[in-house]
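What follows is one structure encoded as structure tokens, with my remarks underneath.
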Amino acid sequence: MQRRRSSKTPKQPLQVLQKNQTDLSAWRKEGKTDSAKSVWNHQSPKDQKNDNEQDSLEQALSFFEKVQDRVSLKKSSALQKHLAAVETVALQSGLPPEGFDVLLNVALSGKLADTVNTRILKSLVPASVIPEDAVVSAVSWLCVGKCSGNVQLLFLRWLITVFDFIDRKEQLHALYGFFFSFLQDEKMCPYVCHVLYLLTRKESVKPFRVRRLLDLQVKMGMQSHLQALLSLYKLFCPELVTINLPKKAKTYFKNAEGPWKAAINAIKRRKQENSPVSQALFLGTAPPQSRKRKWNSQLIIYASSVDRNNLEEDRQNNCGDLCSQSLPLERLQTFSQLLHNIHRLEFPSRMGSVLTNPLLLHYMNCVKDESIYLRLYYWMGQVLQEECTWCVAGNSEYEEEFKDFLETVYKTECFLQEGFSSCEEFLYKTLPLWDGFCCRSQILRLVSWIPLSSFSEMKSNLYDPLSQLFLTSSLYFKCSVLESLRELLQNWLNWHMVYLDSESDSQGHSSNTTLSGLVDAVAELIHFVGGISTVALQLEDNATFLLYFILNFYETVCDVYLKYNLPLLIMPPAGVFYPALLSMDSVNLNQLCYIMYRYRTNLVAAKQNELSKKKILQFKFSSRTYQEYNQYIIAMVGCLWTSSVFQKDIHPQGLRMDDELLKKTTVQEFKTSFNIVYHPAMMGYAVLFLQQAWPDDTTLNFSLIKGKTWNWYLEYLYAEGLKGLKLFIESSISRVSQASHGKAGNVQA
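In terms of the numbering used here, the sequence shown is residues -13 to 735.
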């Protein structure tokens, strides 16, 4: 359903003709016959000076519309008068949409001198919106070449500044190739790149355009504007842009705001001061008028087959005594009534009402009616696609409303504890076009509920676009994605616990959700997160905040065998393990110790089940998993306990180094650099312990922590809340727990 044009744009200062916006004679005639309806008069009905200015603007636009021959500014008093009138109105209250077509045509047609054209362009300050047709018509004058290069540059700067004021942009997107052809002009190139940057979509990225930009880069050098456009191209199509680009740049584009930005801000402030009521109407900042949008209109439950006047009387009666054939939803008040009448419930025709009605959601959980799901998915898929703010042109002003809808869908999924296939399709179609900012929290929440049924499509439709955004976005975005993927894993595992044991439930799903399908899906997700986590830690210099979210993910992974009854154990990659082991934050180190303790517990249980050939074990664990675990344990014990990490770490990507190389570092006592006393994450605890144990000793002699003092120090660490460290030491180090050491031998066997 298309929106009505009247609801898409705010009220116009001058009446807009639907058929021809530049028909000034008809516009003047209509404005004079009914001046009381003019929005200008509505803004200041008693201000005679303002009325005179508007009359002057009408005359000026009529004059410029009729200009045929070149007119000298010095010799023409009429030109001086009308030019001054345009500038006065523009700076005072902005120009109406009807004036842009006339003024742009005369400024770019070359009929007047550059001085006049420059003044006209500088006065193009919008009061509300700028018609797209006027901009397209102006762009067509660039083909003719009648205006000078300086005027063309000024027009591009104006276009960049007022880009967000253009009412529609579909025709401008169609002119992408035309703008691209102007890149050959060295003076215009920076501003053309800026315009292209604003217009670029994924479908705009073509191999020949990439080659052209690379040729220009060779010719002009590493220019920031070319770098910006190439970076955007690489974001959309990394396979086409294979060169390495600088990660950061102070400024990509030259400042193009000129005099327009200041004039727009000044008019806005003036409007706010003079008329608080009209403040929201200025420059399109008012909320759009109610359009009875699809999903909003369907969230209200209407009577399906009964008279509304009889509803109150019917509510006083017992629901069990109502018509035996069907029960309209309006008569349903409590959950117990739902249970008593669940087979007679008349479902509403407006499927949107399901999202906000708990009783209907309970009904969907209790009664597996495929027709209900099909109706809901069809409706939801349409709404998601049509209302998406980054896929449908002109939808950006409804971003808040779209956020609310996505939030409602997410809450519904949480209530039902399952994802919608329509949301899955929506995410797969729109994630490649998503900028990572619009509706961020809502989109990532929906990602956490992607169903397991079609995992075969996830790599190309979810992992690839998500990884591109992940690796090129901020630290906060990376952490948000990791949390979303952790919740996705959690939801899959919960689904496995609830539904897999029931044969009747499993029959309703595809073969991809069998135990083997689930294991493959979970394994691929874990490997994907491990890969992007390794790269992210390198990009973010092993940021503590990022590492916290990564370890949270692996805290779920380490327990999938015992906690979720899933025969799968995958160790974290070395690019995650070693940054956590050498972390300067005690929280991350303590969490790593707990994770390794849980890995050990799961591996011991898996080994015991394998030896006893229990029925629960349907998949044999790879010996590589045990080997990798033992390599990590040797590294951790050598690091934290025996001070031999550099000699005994046997992992291929570990910390093993020859003594000669270590001596060249000139680090004293390098062997003890990472034990629980000298470790950067633990040294603060060691200092506090020494201050309490020897309050009079100000030398802070760490060598005193040995023997019995070492045991006291351990008790101090445990008392400080390092429970993960305690569990790890007691389970993996023979000095503390000989029995646990014996079990560890079973793991290593």
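No residue lacks a Cβ here, since even glycine has one placed at the ideal position from N, Cα and C. Since the model is a prediction, treat every value here as computed from it, not as a measurement.
Check: Please list, in chain order, all residues of the same chain as Y363 whose beta carbon is under 7 Å from its beta carbon, the five residues on each side excluded.; Outcome: F406, S407 and S408
Check: Grouping DSSP H, G and I as helix and E and B as strand, with all else coil, what is P245?; Outcome: coil
Check: Which stretch, first to last residue, makes up the alpha helix (DSSP H) that contains K108?; Outcome: D100 to K108
Check: Do the stretch 217 to 234 and the stretch 76 to 96 touch if we need at least three Cβ pairs shorter than 8 Å?; Outcome: no
Check: Which residue marks the beginning of the alpha helix (DSSP H) containing D645, and which one marks its end?; Outcome: D645 to K650
Check: Per DSSP, what kind of secondary structure is S720 in: helix, strand or coil?; Outcome: coil
Check: Whose C-alpha, out of N661, I636 and V631, is nearest the C-alpha of L648?; Outcome: V631
Check: Does DSSP classify P82 as helix, strand or coil?; Outcome: coil
Check: Contact defined as beta carbons within less than 8 Å: I believe V88 pairs with F50. What is the distance between those atoms, to the nearest angstrom?; Outcome: 5 Å
Check: Report the residue ranges of all alpha helix (DSSP H) runs contained in full by the stretch 178 to 228; include only those spanning at least 4 residues, in chain order.; Outcome: 193 to 206 and 210 to 222
Check: May I have the straight-line CA-CA distance separating S21 from A76, to the nearest angstrom?; Outcome: Low local confidence applies: a pLDDT of 40 at S21 is under 50, so the model's placement there is unreliable, with the coordinate-based value given in what follows. Distance between the alpha carbons of S21 and A76 is about 21 Å.
Check: In the structure shown, what three-state DSSP assignment does R14 receive?; Outcome: Note on R14: pLDDT 38, under 50, position unreliable in the model; the coordinate value appears next. Three-state result, R14: helix.
Check: Hey, how far is the Cα of Q319 from the Cα of L597?; Outcome: 57 Å
Check: With burial defined as no fewer than 16 other Cβ atoms inside 10 Å of the residue's Cβ, what is the status of D635: buried or exposed?; Outcome: buried
Check: Below 8 Å on the Cβ atoms is my contact criterion, and I expect D153 with E118 to pass it. Report the Cβ-Cβ distance as a whole number of Å.; Outcome: 6 Å
Check: Once the 5 residues before and after A248 are set aside, which same chain residues still bring their CB inside 7 Å of it?; Outcome: none
Check: I need the DSSP call for P418, collapsed to helix, strand or coil.; Outcome: helix
Check: By DSSP, does P112 sit in helix, in strand, or in coil?; Outcome: strand
Check: Considering Cα atoms alone, identify which of L43, D390, M444 and W435 is closest to R472.; Outcome: W435
Check: If you draw a straight line from the C-alpha of Y183 to the C-alpha of A214, how long is it?; Outcome: 8 Å
Check: What residue range is occupied by the uninterrupted alpha helix (DSSP H) comprising Y580?; Outcome: S572 to S598
Check: Taking only beta-carbon positions, decide if K464 is within less than 8 Å of chain C.; Outcome: Of the chains in the structure shown, none is chain C; there is only one protein chain.
Check: Spatial neighbours of M557 within its chain, please: CB distance less than 8 Å, with the 5 preceding and 5 following residues excluded, ordered by chain position.; Outcome: F563, Y585, T611, E614, Y615 and Y618
Check: Enumerate in chain order the residues of its own chain whose CB-to-CB distance from L532 is below 7 Å, with the five nearest sequence positions on each side excluded.; Outcome: L461, K464, C465, A522, L523 and E526
Check: Give me the Cα-Cα distance between G244 and D390, rounded to the nearest whole angstrom.; Outcome: 37 Å
Check: Give me the Cα-Cα distance between V623 and S629, rounded to the nearest whole angstrom.; Outcome: 8 Å
Check: Measuring straight from C-alpha to C-alpha, what distance separates L700 and K712?; Outcome: 8 Å
Check: What number of angstroms, rounded off, separates the C-alpha of P553 from the C-alpha of F607?; Outcome: 8 Å
Check: Would you give the residue range spanned by the alpha helix (DSSP H) that C133 belongs to?; Outcome: Careful: C133 lies outside any alpha helix (DSSP H) and carries neither H nor E.
Check: Measure the alpha-carbon distance for Y396 versus N343 and round it to whole angstroms.; Outcome: 14 Å
Check: Pop quiz: A560 and Q639 are said to be a contact at Cβ under 8 Å. What is the actual Cβ separation, rounded to whole angstroms?; Outcome: 4 Å
Check: Can you have a look at R195 and say buried or exposed, based on whether 16 or more other CB atoms are within 10 angstroms of its CB?; Outcome: buried
Check: Does the separation of the CB atoms of C425 and F456 fall below 8 Å?; Outcome: no
Check: For L142 versus V102, is the C-beta distance shorter than 8 Å?; Outcome: no
Check: With distances taken from CA atoms, which of Q203, I116 and L161 is nearest R187?; Outcome: L161
Check: So the alpha helix (DSSP H) C352 belongs to, where does it begin and stop?; Outcome: P344 to C352
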